[in-house]
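Under the numbering used here, the first residue of the sequence shown is numbered 93, with each subsequent residue one higher. For glycine and all other residues, C-beta sits at the position ideal for the given N, C-alpha and C. First the structure, in the form of structure tokens, and then the observations on it.
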Amino acid sequence: MIELTTTKGALDDAAKQRLAAELSTLALELEAAPLARFGDVAHMQALAWCFVNEQDVFVGGERHPKPIYRVTITIPEGAPGVFGPLAERGRDKLVKRVTAAVLAAEGTESIMIEAHRVWVLLRQITNGHWGAFGEVVTLPELAAYGLISDQPGSKTDRMRQAAMDSIGAVSST
93 MIELTTTKGA LDDAAKQRLA AELSTLALEL EAAPLARFGD VAHMQALAWC FVNEQDVFVG
153 GERHPKPIYR VTITIPEGAP GVFGPLAERG RDKLVKRVTA AVLAAEGTES IMIEAHRVWV
213 LLRQITNGHW GAFGEVVTLP ELAAYGLISD QPGSKTDRMR QAAMDSIGAV SST
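The following block contains the structure:
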């Protein structure tokens, strides 16, 4: 799950949609790395939601002359690419790539003075504290969902089919 909060009017609709797609792919690419690559996998993209919130933003009590961005990425506790054994490098890579993507969406170079306006918050959810498909979903179930390491008709197989049917309904309208 990704939440992009920014100043009202910072990005046009096309830029918001492109950025949401890029942020979703970045999070999926790095979340399970190096064990799996989920960036362009349809059943994983079906769970990669990006909420875009535009609102008044103040810096030190004042309006900033340029847009301000906060990107919160919520990832399962123990995700190997961000919180696992290679955690520090994975987090650093994710923050750098997200910052660059946000600035590119507004047409700005990714340099430190501009990057000051982009904060990336990585939040991990404890195993057993994810709720999806109307029930609690555990980290092993999320792994089975992603890696398709489950049995036909299992809970995670049914979840994957429901997600794909749902996005099929969205993309066909």
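For glutamine 147, there is no enclosing alpha helix (DSSP H); the enclosing beta strand (DSSP E) has its first and last residue at 142–147. Scanning the stretch 192–242 for uninterrupted alpha helix (DSSP H) segments of 4 residues or longer gives 204–207 and 231–239, listed from N- to C-terminal end.
The beta carbon of alanine 236 is closer than 8 angstroms to those of Asp242, Ser246 and Thr248 in its chain, skipping five residues each way along the sequence. Of the residues Leu118, Glu206 and Trp141, the one whose Cα lies closest to the Cα of isoleucine 259 is Trp141.
One Cα belongs to alanine 107, the other to isoleucine 165, and the distance between them is close to 19 angstroms.
The beta carbons of leucine 103 and alanine 193 sit no closer together than 7 angstroms. For glutamate 121, same chain residues with a beta-carbon under 6 angstroms away, outside a window of 5 residues either side, are Gly131 in chain order.
Where leucine 96 is concerned, the enclosing beta strand (DSSP E) starts and stops at 94–99. For isoleucine 217, the closest C-alpha among the options Ala171, Val210, Gly101 and Ala254 is that of Ala171. Its chain contains Arg252, Ala255 and Met256 as the residues whose beta carbon lies nearer than 7 angstroms to that of histidine 135, once the 5 sequence neighbours on both sides are disregarded; these appear in chain order. The three-state reading of DSSP puts arginine 162 in strand, counting E and B together. With contacts defined by Cβ atoms closer than 7 angstroms, proline 159 and leucine 234 do not form a contacting pair.
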